[in-house]
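Its first residue numbered 10, the sequence shown is counted upward by one per residue in this note's numbering. Just so you know, even glycine gets a beta-carbon here, dropped at the ideal spot from N, CA and C. Note that the coordinates shown come from a computational prediction; the quantities given were computed from them, not determined experimentally.
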Amino acid sequence: MHVNVVNGFEMQSTYAAGTSAATTATIGAETGAQHFVTGISGFVDKDCTITIKDGTTVMAEWKVDISAEGTTFFNFNYAVYIPITPGVAANGVISGSTGDCAITITADTLR
10 MHVNVVNGFE MQSTYAAGTS AATTATIGAE TGAQHFVTGI SGFVDKDCTI
60 TIKDGTTVMA EWKVDISAEG TTFFNFNYAV YIPITPGVAA NGVISGSTGD
110 CAITITADTL R
C-alpha cells in the first residue's frame, strides 16, 4: 500500500493480482475514518465487470468487453470520487479472468 498525507487526507492505494480468478484490492475499514475512492485501474483478459464497493454494497460498476481486443487495460483514476461509509472498507473488484489480471484502488482517507 502507498500512503501520502495532504491537507488532512491520507492518500492510499492498494494493488492485487490474480490468476484465473476474481480479484479484490481492499483499503481496510478503520473506526473513525472515511475513504473517498478517487480511482481504479488495472488489466483483465476476459469479459468481466469492474466494481467499486462500499463494504459489500456496489457503488459503481463498469462492464469490460474484450472479445475483439484481447487483454484490456482500464484506468478510471480521478474520474470518480465516491464516498464510502465511515468505518467501512473500500473494495475494487474484477469479477474474473482466464489468465492474469490486476487491480489498484486509490482513495483519500479522512481521519
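What number of angstroms, rounded off, separates the C-alpha of GLY41 from the C-alpha of GLY108? As a working note, residue 41 is residue 32 in the sequence shown. As a working note, residue 108 is residue 99 in the sequence shown. For GLY41 and GLY108, the distance between alpha carbons rounds to 38 Å.
Distance check for CYS110 and THR80, CA to CA, integer angstroms please. For the purposes of this step, residue 80 is identified with residue 71 of the sequence shown, where counting begins at 1. For the purposes of this step, residue 110 is identified with residue 101 of the sequence shown, where counting begins at 1. Whole-angstrom Cα-Cα distance: 9 Å.
Just list the residues that DSSP pairs TYR24 with in beta bridges. The residue labelled residue 24 in the question sits at position 15 within the sequence shown. Paired residues: THR113.
Short of 6 Å in beta carbon distance, which residues of its chain neighbour THR28, apart from the five on each side in sequence? Order them along the chain. For the purposes of this step, residue 28 is taken as the residue at position 19 of the sequence shown. Same-chain partners within the cutoff: ASP109.
Output the distance between the C-alpha atoms of THR94 and ARG120, rounded to the nearest integer angstrom. The residue labelled residue 94 in the question sits at position 85 within the sequence shown. The residue labelled residue 120 in the question sits at position 111 within the sequence shown. Roughly 13 Å between the two C-alpha positions.
Put PRO95 into one of helix, strand or coil per three-state DSSP. Counting from 1 along the sequence shown, the entry for residue 95 is found at position 86. The answer is coil: DSSP assigns PRO95 none of H, G, I, E or B.
Let's see if you can read the secondary structure: which residues bound the beta strand (DSSP E) around PHE63? By 1-based counting over the sequence shown, the position of residue 63 is 54. Per the sequence shown, residue 63 should be read as Asp rather than Phe. Run containing ASP63: 57 to 63, per the beta strand (DSSP E) assignment.
Is it true that the CB of ILE49 sits closer than 8 Å to the CB of PHE85? By 1-based counting over the sequence shown, the position of residue 85 is 76. By 1-based counting over the sequence shown, the position of residue 49 is 40. Cβ atoms of PHE85 and ILE49: closer than 8 Å.
Based on the DSSP output, what are the partners of VAL73 in its beta bridges? Counted from its first residue, the sequence shown places residue 73 at position 64. For VAL73, which the question treats as bridged, DSSP gives the partners CYS57.
Excluding the five sequence neighbours on either side, which residues of its own chain have a C-beta within less than 8 Å of the C-beta of PHE83, listed in chain order? Sequence index remark: in the sequence shown, residue 83 carries index 74 (1-based). Answer for PHE83: ILE49, SER50, GLY51, PHE52, VAL53, ILE59, TRP71 and VAL73, listed in chain order.
Counting only the same chain and skipping the five closest in sequence on each side, list residues whose C-beta sits under 7 Å from that of ASP56. On the sequence shown, position 47 is the one that residue 56 refers to. Same-chain partners within the cutoff: VAL73, ASP74, ILE75 and SER76.
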